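What follows is a set of notes on a single structure, which appears directly below.
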Amino acid sequence: MSKTKIAPSLLAADFGNLQRDVELVNNSAADWHHIDVMDGVFVPNISYGMPVVKAIAKHATKPLDVHLMIVDPDRYIQTFADLGAQILSVHYEACTHLHRSLQAIKSAGMKAGVALNPHTNVQLLEDTIQDIDVVCLMSVNPGFGGQSFIENTYTKVKSLKEMIIRKGAKTLIEIDGGVTSKNAKALVDSGADVLVAGSFVFKSKHPVDTIKELKELAG
Ligand code: DX5
Ligand code: ZN
Numbered sequence: 016m017s018k019t020k021i022a023p024s025l026l027a028a029d030f031g032n033l034q035r036d037v038e039l040v041n042n043s044a045a046d047w048h049h050i051d052v053m054d055g056v057f058v059p060n061i062s063y064g065m066p067v068v069k070a071i072a073k074h075a076t077k078p079l080d081v082h083l084m085i086v087d088p089d090r091y092i093q094t095f096a097d098l099g100a101q102i103l104s105v106h107y108e109a110c111t112h113l114h115r116s117l118q119a120i121k122s123a124g125m126k127a128g129v130a131l132n133p134h135t136n137v138q139l140l141e142d143t144i145q146d147i148d149v150v151c152l153m154s155v156n157p158g159f160g161g162q163s164f165i166e167n168t169y170t171k172v173k174s175l176k177e178m179i180i181r182k183g184a185k186t187l188i189e190i191d192g193g194v195t196s197k198n199a200k201a202l203v204d205s206g207a208d209v210l211v212a213g214s215f216v217f218k219s220k221h222p223v224d225t226i227k228e229l230k231e232l233a234g
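My numbering puts the first residue of the sequence shown at 16, with every later residue one more than the last.
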């Protein structure tokens, strides 16, 4: 049984055939549905909002891993809980009171995630790591799919893993951006527990096979 989780990002799905692509993920080796919500303010792009997440949730059979790339995410924590999110990640850079946001996510019955931009040092989580269920390390600048992987991510995964072990935390490390069959194994060897993949999965000829390939490579 493989322990690394694969979370295909629906940002790269065919929005005209969203039900088909959600079902494709249902019927694959994937573990989570990764859902990217962007507000055009925190990131220079707008993806989709609540009605689309609701439509995804209606068809999805695996946990919804919602990645909020929005300012002031506290305003929408309960909304995403009501929509059926199981994991809710907020950006470190968007939270003035991160500890409070994490408690609010958990009180709403979800796993609490924190996403870090490529420039944000993992050591900034030293005082909250025990309260975080998932750290989403951005391996591209958030806002768009299909960008190239930033190589410095390996160093960040290793330092974060070292911190998690040292602190006795149970936090999972998720990698988001530019994940392919070329870097999947090296990321897992560095300490990654969850791999998000958008373009690599949905722009491939046979997404179900690509998910299986990632799952096998990740081990
Ligand atoms: C980027 C999003 C990612 C994106 C990844 O802002 O957070 O989840 O969909 O897409 P790929 O795998 O194409 O880099
Ligand atoms: Zn994402």
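Glycine included, every Cβ here is placed at the ideal spot set by N, Cα and C.
Treat the numbers as computed from the prediction; the structure is a model and nothing was measured.
Point to revise | Distance cut 6 Å, beta-carbon to the ligand ZN heavy atom: residue list by chain order | key: Residue list for the ligand ZN: S24, H49, D51, H82, D191, V211 (CB closer than 6 Å to any heavy atom, chain order).
Check your understanding: Could you check where the beta strand (DSSP E) with V150 kicks off and where it finishes?
Key -> Walking along the sequence shown from the start, residue 150 turns up at place 135. First-last of the beta strand (DSSP E) with V150: 149-153.
Review point. In terms of residues, what are the limits of the beta strand (DSSP E) holding L103?
Key: Numbered from its first residue, the sequence shown carries residue 103 at position 88. That run of the beta strand (DSSP E) goes 102-106.
Practice item. For S24, count neighbouring Cβ atoms within 10 angstroms of its own Cβ and tell me buried if that reaches 16, exposed if not. Key: What you label residue 24 is simply residue 9 of the sequence shown in a count that begins at 1. By the beta-carbon neighbour count (other beta carbons within 10 angstroms, threshold 16), S24 is buried.
Review point. Does any heavy atom of the ligand DX5 sit closer than 8 Å to the C-beta of I157?
Key: Here residue 157 refers to the residue found at position 142 of the sequence shown. The amino acid at residue 157 is misidentified as Ile; the sequence shows Pro. Checking every heavy atom of the ligand DX5 against the Cβ of P157, one is found closer than 8 Å.
Review point. Hey, would you say V40 sits closer than 9 Å to K77, going by beta carbons?
Key: For the purposes of this step, residue 40 is identified with residue 25 of the sequence shown, where counting begins at 1. For the purposes of this step, residue 77 is identified with residue 62 of the sequence shown, where counting begins at 1. Pairing V40 with K77 gives a Cβ-Cβ distance under 9 Å.
Check your understanding: How would you label P222, buried or exposed, when you count the other beta carbons within 10 angstroms and need 16 or more for buried?
Key -> On the sequence shown, position 207 is the one that residue 222 refers to. Under this definition P222 is a buried residue.
Review point. How many Å lie between N156 and E108 at the Cα?
Key: One-based indexing of the sequence shown puts residue 156 at position 141. One-based indexing of the sequence shown puts residue 108 at position 93. Taking C-alpha positions only, N156 is separated from E108 by approximately 12 Å.
Check your understanding: Buried or exposed: where does N198 fall if 16 or more other Cβ atoms within 10 Å of its Cβ makes it buried?
Key -> Numbered from its first residue, the sequence shown carries residue 198 at position 183. N198 should be labelled buried.
Exercise for review: Could you tell me the distance, in whole angstroms, from the CA atom of L79 to the CA atom of L202?
Suggested key: Against the sequence shown, residue 79 aligns to sequence position 64. Against the sequence shown, residue 202 aligns to sequence position 187. L79 and L202: Cα-Cα distance of roughly 22 Å.
Practice item. Evaluate contact between the stretch 210-224 and the stretch 54-64, counting only Cβ atoms and requiring at least three cross-stretch pairs below 8 Å. Key: Too few Cβ pairs lie closer than 8 Å, so no.
Exercise for review: Count the other CB atoms, across all protein chains shown, that sit within 10 Å of the CB of G213; report buried if there are 16 or more and exposed otherwise.
Suggested key: Counted from its first residue, the sequence shown places residue 213 at position 198. Burial state of G213 is buried, judged by a 10 Å Cβ sphere holding 16 or more other Cβ atoms.
**Study point:** Alpha-carbon to alpha-carbon, R115 and L103
**Key:** If you number the sequence shown from 1, residue 103 lands on position 88. If you number the sequence shown from 1, residue 115 lands on position 100. If you draw a straight line from the Cα of L103 to the Cα of R115, it comes to about 14 Å.
**Study point:** Helix, strand or coil at E166 according to DSSP, with G and I counted as helix
**Key:** Numbered from its first residue, the sequence shown carries residue 166 at position 151. It is coil, neither helix nor strand.
Exercise for review: Would you tell me roughly how many angstroms separate the C-alpha atoms of K230 and M84, rounded to the nearest one?
Suggested key: As a working note, residue 230 is residue 215 in the sequence shown. As a working note, residue 84 is residue 69 in the sequence shown. So the alpha carbons of these two residues sit roughly 26 Å apart.
Exercise for review: Grab the span of the alpha helix (DSSP H) containing V245 for me, first residue to last.
Suggested key: In the structure displayed, the chain extends from 16 to 234; residue 245 sits before or after that span and is not available.
Review point. Do K185 and S205 have their C-beta atoms within less than 9 Å of each other?
Key: Working through the sequence shown from its first residue, we reach residue 185 at position 170. Working through the sequence shown from its first residue, we reach residue 205 at position 190. The answer is no: Cβ separation not under 9 Å.
Practice item. Go through its chain and collect everything with a Cβ distance to A75's Cβ below 6 Å, but skip five positions before and after it. Key: The count along the sequence shown starts at 1 and reaches residue 75 at position 60. In its chain, beyond the 5 residues on either side, V37, H48 have a beta carbon closer than 6 Å to the beta carbon of A75.
Exercise for review: Report yes or no: do three or more beta-carbon pairs, one from the stretch 143-150 and one from the stretch 163-174, lie closer than 8 Å?
Suggested key: Segments in contact, no.
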